[in-house]
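**Q**
What follows is the structure, given as structure tokens:
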């Protein structure tokens with residue numbers, strides 16, 4: 001059902017309608033860490049702006065389309081382009097029959113792809129018609145991985161059917177198929193400026209695929225838990241993956257070398273439930289290389305990339321499990337959640353490195 005448009009409303013407390021239900025005021029706690037990772041103090045964040053929700057149900061995934069636009073998808077089967085600087089919906093895209101599971105944006109373009117539990121992948125244009133520009137149908141089960149090549153000519157999709165498909169975006173035709181037993185794909189990421197695709201799986205394995213023939217080029221050492229997500233650094237030299245888990249068992253992110261040795265470099269431990277997303281942060285966000293993670297434990301953490309020390313933790317109390325994390329611009333993060341839509345987070349240096357929630361929609 002199409003929601004009626006209304007101007008963004010700014011509320012200075014958490015007591016307005018969110019996701020169709022009234023919620024009482026929520027406190028957002030943050031934790032500051034010393035460089036050695038020891039908890040130092042606990043503070044309360046300032047109230048944030050509450051905008052009209054982008055979705056009417058759980059948000060499964062959020063991705064940045066530009067420095068002020070994001071695209072999200074969820075259980076309401078709708079992809080939403082949202083201007084997170086003004087707090088307004090730019091456009092809604094409907095075509096899937098089931099929950100949207102993944103979104104991949106085309107770099108420096110108005111185009112993006114959405115994957116769904118309906119086994120379909122659709123290509124959309126922010127400025128194009130209401131119908132998808134291209135449809136990609138070939139998987140037998142839910143599509144759980146999407147990656148666009150650096151030159152935007154190819155699309156790689158992965159599924160719980162153990163299969164990866166490589167598509168020609170221009171024609172919509174499948175060019176290559178690869179299948180490995182028990183390789184239930186959880187995420188795909190294309191290595192910048194390279195013909196390689198990084199993939200995580202429920203078989204606890206991280207694979208590096210060569211798109212030229214869609215062959216496995218490297219398998220990283222098997223982890224102890226399901227690998228839920230992966231990301232490659234902008235220079236293509238490192239990658240990070242994260243694990244499922246419970247009660248602090250598993251629940252970590254791992255930094256890997258993508259170059260010669262391809263060994264594990266560092267681990268980031270501190271979450272208490274499944275880590276759902278991990279991203280490299282722009283150098284402008286901190287004085288040192290940093291990564292961020294989001295988890296089902298309702299927390300977003302910032303880590304020292306080189307030492308593994310937790311630099312800051314933001315607890316989004318009442319959000320439910322956090323489902324997706326994306327870099328918005330040089331100082332902002334976008335975080336999707338199970339119960340409270342999408343959170344706009346901003347790095348704050350007024351009292352040292354800190355992360356605070358400034359808006360939700």
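Numbering (full-length UniProt numbering), first residue to last: 1 to 361.
All C-beta atoms in this analysis are idealised placements derived from N, C-alpha and C, irrespective of residue type, glycine included.
Since we're looking at a predicted model, the values are computed, not measured.
Buried or exposed for residue 271, please, with buried defined as at least 16 other CB atoms from any protein chain shown within 10 angstroms of its CB.
**A** Locating residue 271 in the chain shown gives position 271, where the first residue counts as 1. It is buried - the Cβ of residue 271 has at least 16 other Cβ atoms within 10 Å.
**Q** Check for me: the beta strand (DSSP E) holding residue 254 runs from which residue to which?
**A** Here residue 254 corresponds to residue number 254 of the chain shown, with the count starting at 1. Counting along the chain, the beta strand (DSSP E) containing residue 254 begins and ends at 253-257.
**Q** Taking only runs that begin and end inside the UniProt repeat "WD" (93-126), name each unbroken beta strand (DSSP E) of 3 or more residues, in chain order.
**A** Entirely contained in the UniProt repeat "WD" (93-126), the beta strand (DSSP E) runs reaching 3 residues are, in chain order, 100-105, 111-116 and 120-125.
**Q** Which parts of the UniProt repeat "WD" (268-313) are runs of the beta strand (DSSP E), unbroken and 3 residues or longer, counting only runs that do not cross its ends?
**A** DSSP runs (the beta strand (DSSP E)) wholly in the UniProt repeat "WD" (268-313): 275-280, 290-295 and 299-304.
**Q** What does the alpha-carbon distance come out to for the pair residue 357 and residue 226?
**A** By 1-based counting over the chain shown, the position of residue 357 is 357. By 1-based counting over the chain shown, the position of residue 226 is 226. Rounded to the nearest angstrom, the two C-alpha atoms are 29 Å apart.
**Q** Is it buried or exposed for residue 97, if we count other Cβ within 10 angstroms and need 16 for buried?
**A** Locating residue 97 in the chain shown gives position 97, where the first residue counts as 1. Residue 97 is exposed by the Cβ-count criterion.
**Q** Taking the alpha-carbon of residue 77 as reference, which of 111, 218, 95 and 247 has the nearest alpha-carbon?
**A** Here residue 77 refers to the residue found at position 77 of the chain shown. Answer by Cα proximity: 95.
**Q** List the DSSP bridge partners of residue 81.
**A** Looking up residue 81 in the chain shown gives position 81. Paired residues: 71 and 91.
**Q** Please report the straight-line C-alpha distance between residue 249 and residue 274, rounded to a whole angstrom.
**A** In the chain shown, the residue the question calls residue 249 occupies position 249. In the chain shown, the residue the question calls residue 274 occupies position 274. Approximately 9 Å, taken between the alpha carbons.
**Q** Between residue 290 and the rest of its own chain, which residues show a CB-CB distance below 6 Å, the 5 nearest in sequence each way excluded?
**A** Position 290 of the chain shown, counted from the first residue, corresponds to residue 290. So the list reads 281, 302 and 305, once near-sequence residues are dropped.
**Q** Between residue 269 and the rest of its own chain, which residues show a CB-CB distance below 7 Å, the 5 nearest in sequence each way excluded?
**A** Translated into the one-based positions of the chain shown, residue 269 becomes position 269. Cβ neighbours of residue 269 beyond the five flanking positions: 252.
**Q** Kindly list the residues whose CB is nearer than 6 Å to the CB of residue 163, restricted to its own chain and excluding five residues on each side of it in sequence; keep chain order.
**A** The residue you call residue 163 lines up with position 163 of the chain shown. Closer than 6 Å at Cβ, skipping near neighbours: 179.
**Q** Out of 99, 195 and 223, which one is the CA nearest neighbour of residue 59?
**A** Taking the chain shown and counting its residues from 1, one reaches residue 59 at position 59. The option with the nearest alpha carbon to residue 59 is 99.
**Q** Nearest to residue 135 by CA position, among 113, 310, 331 and 145, is which residue?
**A** Walking along the chain shown from the start, residue 135 turns up at place 135. Closest option to residue 135, Cα to Cα, is 113.
**Q** Just reading off the beta strand (DSSP E) that residue 218 is part of, what are its end residues?
**A** Stepping through the chain shown from its first residue, residue 218 is reached at position 218. Segment 215-219, the beta strand (DSSP E) holding residue 218.
**Q** Do you know offhand how far residue 339's Cα is from residue 117's?
**A** Taking the chain shown and counting its residues from 1, one reaches residue 339 at position 339. Taking the chain shown and counting its residues from 1, one reaches residue 117 at position 117. Whole-angstrom Cα-Cα distance: 20 Å.
**Q** Under a Cβ-count criterion, where at least 16 other Cβ atoms within 10 Å of its own Cβ denotes burial, should residue 313 be classed as buried or exposed?
**A** The count along the chain shown starts at 1 and reaches residue 313 at position 313. Its Cβ being crowded by 16 or more others within 10 Å, residue 313 is buried.
**Q** Please work out which residues of its chain come closer than 6 Å, Cβ to Cβ, to residue 70, disregarding the five sequence neighbours upstream and downstream, and give them in chain order.
**A** The residue you call residue 70 lines up with position 70 of the chain shown. The residues are 62, 64, 82, 84 and 334.
**Q** Skipping 5 residues on each side, what residues in its chain have a beta carbon closer than 8 Å to that of residue 181?
**A** Counting from 1 along the chain shown, the entry for residue 181 is found at position 181. 162.
**Q** Residue 220: buried (16+ other C-beta within 10 angstroms of its C-beta) or exposed?
**A** Within the chain shown, residue 220 is the residue found at index 220, counting from 1. Its Cβ being crowded by 16 or more others within 10 Å, residue 220 is buried.
**Q** Hey, could you find the ends of the beta strand (DSSP E) residue 55 is sitting in?
**A** Numbered from its first residue, the chain shown carries residue 55 at position 55. Run containing residue 55: none; DSSP gives neither H nor E here.
**Q** Would you tell me roughly how many angstroms separate the C-alpha atoms of residue 193 and residue 154, rounded to the nearest one?
**A** Counting from one through the chain shown, the residue named residue 193 turns up at place 193. Counting from one through the chain shown, the residue named residue 154 turns up at place 154. Whole-angstrom Cα-Cα distance: 13 Å.
**Q** Evaluate residue 144 with the Cβ neighbour count: other Cβ atoms within 10 Å of its Cβ, from every protein chain shown; 16 or more gives buried, anything less gives exposed.
**A** In the chain shown, counting from the first residue as 1, residue 144 sits at position 144. That one is buried.
**Q** Helix, strand or coil for residue 131, going by three-state DSSP, please let me know.
**A** As a first step, residue 131 must be located in the chain shown, where it is residue number 131. Looking at residue 131 - three-state DSSP - the assignment turns out to be coil, as it is neither helix nor strand.
**Q** Going by Cα to Cα distance, which pick from 359, 156 and 351 is closest to residue 174?
**A** The residue labelled residue 174 in the question sits at position 174 within the chain shown. Here the closest residue by C-alpha is 156.
**Q** At the level of alpha carbons, what is the spacing between residue 208 and residue 237?
**A** The residue labelled residue 208 in the question sits at position 208 within the chain shown. The residue labelled residue 237 in the question sits at position 237 within the chain shown. About 13 Å.
**Q** Counting pairs of beta carbons, one from the segment 105-112 and one from the segment 341-353, are three or more of them closer than 8 Å?
**A** No, because fewer than three Cβ pairs between the segment 105-112 and the segment 341-353 fall closer than 8 Å, the two stretches do not touch.
**Q** Give me whichever residues DSSP pairs with residue 245 in a beta bridge.
**A** Numbered from 1 along the chain shown, position 245 holds the residue referred to as residue 245. 250.
**Q** So if DSSP puts residue 136 in a beta bridge, which residue, or which two residues, is it bridged to?
**A** Numbered from 1 along the chain shown, position 136 holds the residue referred to as residue 136. Paired residues: 121.
**Q** Leaving out five residues on either side along the sequence, give the residues of the same chain with a beta carbon under 8 Å from the beta carbon of residue 288.
**A** The residue labelled residue 288 in the question sits at position 288 within the chain shown. Once the five neighbours on either side are set aside, the close Cβ partners of residue 288 are 304, 305 and 306.
**Q** Excluding five sequence neighbours on each side, which residues of the same chain lie with their C-beta closer than 7 Å to the C-beta of residue 262?
**A** Mapped onto the chain shown, residue 262 falls at position 262. So the qualifying residues of the chain are 218, 220 and 256.
**Q** Is residue 10 helix, strand or coil when you go by DSSP?
**A** Here residue 10 refers to the residue found at position 10 of the chain shown. No answer about residue 10 holds up, because its pLDDT of 38 lies below 50 and its placement is not dependable.
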